[in-house]
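Novice: For reference, the structure I am asking about is given below.
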Amino acid sequence: MDVNTVTAKILVTTLIASSFSLGMGAAMALDDPEGDIEHIRVRGDSSVKDGEFISASQGWVSGDTLIERPMLRAGEILEFIPGMMVTQHSGSGKANQYFLRGFNLDHGTDFTVSVDGMPVNMRSHGYGQV
């Protein structure tokens, strides 16, 4: 027997069998003449609470949380920014490395830090950051 003939027979048999199962589903639907649909109610809290973020790129942090958390290095304060990750990338004397939503930020060009209006990470001095 030819392979195409066998494939065609299997396809026809499958289509016939599936048409019977579709007809049975329609017949079962007719058994419930009123067509009542069960009500489903979904409730949830729409506000994001302090420290409970839906994703890494959203949320908020209160000033009290910033004050209460112990800091081992100055760059840790920036890690409270949603989606921000700060790493110490080479040891002492080198600026922190910043990642925002997984993207590496260049020193002084992609991310600006200022304290009381004074720039901390100037483009001309990439290693002088906090």
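Just so you know, the sequence shown maps onto residues -29 to -1, 1 to 101 in mature numbering (1 follows the signal peptide of the UniProt record, and there is no 0).
For glycine and all other residues, C-beta sits at the position ideal for the given N, C-alpha and C.
All of these numbers come straight from a predicted model, not from anything done at the bench.
Please state if the CB of glycine 46 and the CB of valine 32 are separated by a distance shorter than 8 angstroms.
Specialist: On the sequence shown, residue 32 is found 61 positions in, with the first residue counted as 1. On the sequence shown, residue 46 is found 75 positions in, with the first residue counted as 1. Not closer than 8 angstroms, so no.
Novice: At which residues does the alpha helix (DSSP H) containing threonine 36 begin and terminate?
Specialist: Working through the sequence shown from its first residue, we reach residue 36 at position 65. Looking at the DSSP string, the run of the alpha helix (DSSP H) that includes threonine 36 is 34 to 39.
Novice: Could you pull the DSSP bridge partners for leucine 71 from this structure?
Specialist: Position 100 of the sequence shown, counting from 1, holds the residue named residue 71. Partner(s): Met55 and Phe74.
Novice: Assuming leucine 71 contacts glycine 54 under a Cβ cut-off of 8 angstroms, what Cβ separation, rounded to an integer in Å, is found between them?
Specialist: Here residue 71 refers to the residue found at position 100 when the sequence shown is read from its first residue. Here residue 54 refers to the residue found at position 83 when the sequence shown is read from its first residue. That pair is a contact at about 6 angstroms.
Novice: Please go through the same chain and pick out, in chain order, the residues whose beta-carbon is closer than 8 angstroms to the beta-carbon of glutamine 59, but skip the five residues on each side of it.
Specialist: In the sequence shown, residue 59 corresponds to position 88, counting from 1. Arg44, Gly46, Lys65, Asn67 and Gln68.
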